[in-house]
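In this note's numbering, the protein residues as written are -9 to 54.
A virtual CB, placed ideally from N, CA and C, is assigned to each residue, including glycine.
Report on the structure given below.
Okay, structure coming up:
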């Protein structure tokens, strides 16, 4: 990447930042942010939660 391309990239980002309302930038940031459990442990907490929900629903059906 040449210096000229780098400056052009920075100017494009700066213009986008200045033209975009703060609320929209904040919303985009929230959409990209992943939960801390996924960040630290990957899909393990999600899969465990799915397993527990499945077991709970199975137990409820058996008790009825």
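- request: May I ask you to report which of helix, strand or coil DSSP gives residue 33?
  value: Position 43 of the chain shown, counting from 1, holds the residue named residue 33. DSSP, read as helix, strand or coil, puts residue 33 in coil.
message: Which of the three DSSP states is assigned to residue 24 in this structure?
response: In the chain shown, counting from the first residue as 1, residue 24 sits at position 34. Residue 24 sits in coil when the DSSP states are folded into three classes, being neither helix nor strand.
field: Pairwise C-alpha distance: residue 39 and residue 21
entry: For the purposes of this step, residue 21 is taken as residue 31 along the chain shown, with counting starting at 1. For the purposes of this step, residue 39 is taken as residue 49 along the chain shown, with counting starting at 1. Roughly 22 Å between the two C-alpha positions.
- request: Please confirm whether residue 35 and residue 47 have their CB atoms less than 8 Å apart.
  value: Indexing the chain shown from 1 puts residue 35 at position 45. Indexing the chain shown from 1 puts residue 47 at position 57. No, the Cβ-Cβ distance between residue 35 and residue 47 is not below 8 Å.
- request: Locate the alpha helix (DSSP H) running through residue 4, then write down its first and last residues.
  value: The residue labelled residue 4 in the question sits at position 14 within the chain shown. Run containing residue 4: -7 to 9, per the alpha helix (DSSP H) assignment.
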